[in-house]
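S.K.: The listed protein sequences correspond, in order, to chains A and B. In this text, residue positions in the first sequence follow the numbering used here: the first is 244, and each later residue adds one. In this text, residue positions in the second sequence follow the numbering used here: the first is 244, and each later residue adds one. For glycine and all other residues, C-beta sits at the position ideal for the given N, C-alpha and C. Quantities reported herein were computed from a predicted structural model and do not represent experimental measurements. Just dropping this structure here.
2 protein chains.
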Amino acid sequence: MSHSTTIALDAMGGDDAPAVVVEGVDLAHVRLPQVAFLLFGDQARLEPLLERRPHLRSCCQIRHTDQAVKGEDKPSQVLRQGRQSSMWLAVESVSRGEAAAVVSAGNTGALMAVSKFVLRTLPGIDRPAIAGFFPTERGETVMLDLGANVECNANNLVEFAIMGEVFARILLGIEQPSVGLLNIGSEDVKGNDAVRSAAAILRDHPLDLKFHGFVEGNDIGAGTVDVVVSDGFTGNIALKSAEGIAKLYSRFLREAFSSSWVARIGYLLAKPALLKVKMRTDPRRYNGALLLGLNGISVKSHGGTDAVGFANAIGVAAELATHGLNERIKSELTRLKSSDGPQA
Amino acid sequence: MSHSTTIALDAMGGDDAPAVVVEGVDLAHVRLPQVAFLLFGDQARLEPLLERRPHLRSCCQIRHTDQAVKGEDKPSQVLRQGRQSSMWLAVESVSRGEAAAVVSAGNTGALMAVSKFVLRTLPGIDRPAIAGFFPTERGETVMLDLGANVECNANNLVEFAIMGEVFARILLGIEQPSVGLLNIGSEDVKGNDAVRSAAAILRDHPLDLKFHGFVEGNDIGAGTVDVVVSDGFTGNIALKSAEGIAKLYSRFLREAFSSSWVARIGYLLAKPALLKVKMRTDPRRYNGALLLGLNGISVKSHGGTDAVGFANAIGVAAELATHGLNERIKSELTRLKSSDGPQA
């Protein structure tokens, strides 16, 4: 069949690359037969993986390179010496128009640096942000920034709000997603200067954006808003704290269910229902964070994910590629800047 | 019997005051028969509650006032006009030496402001912090600051580390608690200036403190260190994000167990084991955050807690009062400042 969308993959990025990448392609291919893949990486390692999957031959193309970014490489180092790496070449194929999006499970800092350097930021966007999903009582919430920007001013936060809102509209399919600023209280006087000023801007400008006001950490899980905006330091720590406590809960439950024979039988009876909980909170379902604010779609997969998770990250990339994410962000920004909004 | 310790209570603070306060005293009295209580608040409302509990007569004294701090009162307002409030008078009884500690479930900002104004900070401490507990895979972890200081410099964080370490030694009974700085990565280059400089100070100074280095959000639940140090903005959001996700999990589980008859039977069989999980993660167990760094012990109870939670907060206050918390913090600080450490 002919392929309507091409996605570039950093086949050497992630803990179990390239095997997980090719397995992920295999899973994604079933759901996305219209997508073709450019696999950047070591041909000698990729060939045998594809040979075992002849059905992927027509949708996969290998682009050989023997360089790869390592997990411990510093972003600045990659910018200087990594131009032949699988990550760089994959990102570059997006800027050249060969691919509509890139997915990498490699080094986050390096992917951000390379994506920013090669793709450039959207006009009007000062700093790109990392956006991801989070399970909530009401479904899913978009969170950003998850770690790209340690310190942010009010304008950065406002830009994140706009970008996150468009992202939620496309990926969650919500017509008017509500947006909240993460803070330590819901009163106007709470928080630091950046969040207070950002709230004032979002409240007073004709952004066509459903601004809820401040939200607190517990509002993330409650699903109080569709988009939670914060600086990258806070967002990363909120996300990882929540992940840690979810892991703690799972462990306590596992211990409880294996603590006696009766509890074990109880577990077996409740197992189908409990598997649903596991599915709802499965981190692989939420894999695929977008580097938002660039002239091109660059998706970060968790480095330790398996094929199911990697296939989900591919799904996020494909969804964004077909819905013109960046065009919609640009038009929102134009509206903001043409009113007497903040200057980037 | 004679009472060796006196604890002052803001009997009008909290969502269900004064009823929850008196019920909390009732529960605490069983475990702490040596503690006497000064109840600051409305005599007309407190009398009937105590009359129903004649066994508390000998350990409880009412100090009447008809003023009380409200939840929405601003700290500055309370400082100007709240000198006759139950909160203020309770804190004052500590500074006067009448009580060894104060517990309030009222307005957090107001309690911090009043405690700081009335009790003053310890010599060498620039800013007090709010310290609390968190359940982990290994037991419990002390976290601070949970929201007193929105922005912190490196010296503030170092002081929090010292105070938190002494707090953990007393309340968790660990001889050499390990201390970690909350950050978005474990590498030296990660994070903002404050955490990086604080790490350098903690690493290089002869503090007799087991400094682990940076920890990430997921390390909180994992129990990687005994004390997690952060600024109040990040700490508050980490704590509440984790609380939110714990609630989400509970809800998903409840839904799962009631989704079918078989699952319900499974639940009944596993119930005793599941109750243990509930107990291990019961927020009431972790109630009682200390305003750390003051010349006196001021404990904040969650405003929405019940009598069990309030009794736990009283337990924290009693424990700290009998172990000379502040003397031990002062001696650690003297050691720090006498070496060429940072100047407050």
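The alpha helix (DSSP H) with B/D269 in it runs from where to where?
M.R.: First-last of the alpha helix (DSSP H) with B/D269: 262-274.
S.K.: Look at B/H455 and B/V468 and say whether their C-beta atoms are less than 7 Å apart.
M.R.: yes
S.K.: State the DSSP-derived secondary structure class of B/R306, mapped to helix, strand or coil.
M.R.: strand
S.K.: With a floor of 3 residues, list each beta strand (DSSP E) that falls wholly inside the stretch 404-473 of chain B, ordered by position along the chain.
M.R.: 421-425, 453-458, 470-472
S.K.: Taking the DSSP output, what are the residues bridged to A/K543?
M.R.: According to the DSSP secondary-structure assignment, A/K543 is paired through a beta bridge with A/S347, A/A532.
S.K.: Which of the three DSSP states is assigned to A/V278 in this structure?
M.R.: strand
S.K.: Name the chain A residues whose beta carbon is nearer than 9 Å to that of B/E486?
M.R.: G460, N461, G464, I488
S.K.: How about A/A251 and A/L281: do their beta carbons lie closer than 7 Å?
M.R.: yes
S.K.: Using the Cβ count rule (16 or more neighbours within 10 Å means buried), how would you classify B/A593?
M.R.: A question about residue 593 of chain B goes unanswered here, because the residues of chain B that appear run from 244 up to 587.
S.K.: So, for B/A311: in the same chain, excluding its five sequence neighbours on each side, which residues have a beta-carbon less than 6 Å away from its beta-carbon?
M.R.: Sequence-distant partners of B/A311 (beyond 5 residues in either direction) whose C-beta falls short of 6 Å from its own C-beta, in its chain, are M255, S328, S329.
S.K.: Mind checking who B/E294 pairs with in its DSSP beta bridge?
M.R.: DSSP, once it has assigned bridges, lists no residue as partnering B/E294.
S.K.: Does the CB of B/G509 have a neighbour CB from chain A at under 7 Å?
M.R.: yes
S.K.: Against chain A, which members of the stretch 392-408 of chain B pass a CB distance test of less than 9 Å?
M.R.: V393, E394
S.K.: For A/D583, I'd like the list of residues in its chain whose CB is within less than 6 Å of its CB, leaving aside the five on either flank, ordered along the chain.
M.R.: Its pLDDT being 47, under 50, A/D583 is placed unreliably by the model, and the measurement read from it follows with that caveat. None.
S.K.: Does any residue of chain B bring its CB to less than 7 Å from the CB of A/R528?
M.R.: no
S.K.: Could you please give the first and the last residue of the uninterrupted beta strand (DSSP E) stretch that includes B/V312?
M.R.: Counting along the chain, B/V312 sits inside no beta strand (DSSP E), nor does DSSP assign it H or E at all.
S.K.: So does B/R274 have its beta carbon nearer than 6 Å to some heavy atom of the ligand PLP?
M.R.: No copy of the ligand PLP occurs in the structure displayed, which carries no ligand at all.
S.K.: Can you tell me the Cα-Cα spacing of B/G434 and A/V393, whole angstroms?
M.R.: 6 Å
S.K.: What number of angstroms, rounded off, separates the C-alpha of A/G375 from the C-alpha of A/G416?
M.R.: 15 Å
S.K.: Note down the Cα distance separating A/W504 from A/Y510, rounded to an integer number of angstroms.
M.R.: 10 Å
S.K.: Against chain B, with Cβ distances strictly below 7 Å, would A/I427 count as a contact?
M.R.: yes
S.K.: According to the neighbour-count rule (16 or more other Cβ atoms, all chains shown, within 10 Å of its Cβ), is B/V345 buried or exposed?
M.R.: buried
S.K.: Quick one: which chain A residues come within Cβ less than 8 Å of B/T588?
M.R.: There is simply no residue 588 of chain B to check, as chain B begins at 244 and stops at 587 in what is shown.
S.K.: Who are the near neighbours of A/S245 in its chain, counting only those whose CB is closer than 6 Å to its CB and skipping five residues on each side?
M.R.: none
S.K.: Tell me, to the nearest whole angstrom, how far the beta carbon of A/A356 is from that of A/V385; I am working on the premise that it is less than 8 Å.
M.R.: Contact flag wrong, Cβ pair sits at about 23 Å.
S.K.: According to a CB-to-CB cut-off of less than 7 Å, which residues of the stretch 330-347 of chain B neighbour chain A?
M.R.: none
S.K.: Apart from the five residues just before and just after B/G428, which ones in its own chain have a Cβ nearer than 8 Å to its Cβ?
M.R.: G434, F457, E459
S.K.: Count the other C-beta atoms from every protein chain shown that fall within 10 angstroms of the C-beta of B/H298, then say buried if there are 16 or more, exposed otherwise.
M.R.: exposed
S.K.: Spatial neighbours of B/V559 within its chain, please: C-beta separation below 6 Å, excluding the five flanking residues on both sides.
M.R.: G531, V542
S.K.: Can you check whether the CB of A/A442 is closer than 7 Å to the CB of A/L425?
M.R.: no
S.K.: For B/S484 versus A/A437, is the C-beta distance shorter than 7 Å?
M.R.: No, the Cβ-Cβ distance between B/S484 and A/A437 is not below 7 Å.
S.K.: Check whether the Cβ atoms of B/T379 and B/G466 lie closer than 7 Å to each other.
M.R.: yes
S.K.: For A/A506, which residues in chain B fall below 9 Å Cβ to Cβ?
M.R.: L512, A513, K514, P515, A516, L517
S.K.: Quick one: which residues of the stretch 367-379 of chain B get their C-beta closer than 9 Å to a C-beta of chain A? List them in chain order.
M.R.: F377, P378, T379
S.K.: Should A/K313 be flagged as near chain E, meaning a C-beta pair shorter than 7 Å?
M.R.: The structure shown contains no chain E; its protein chains are A and B.
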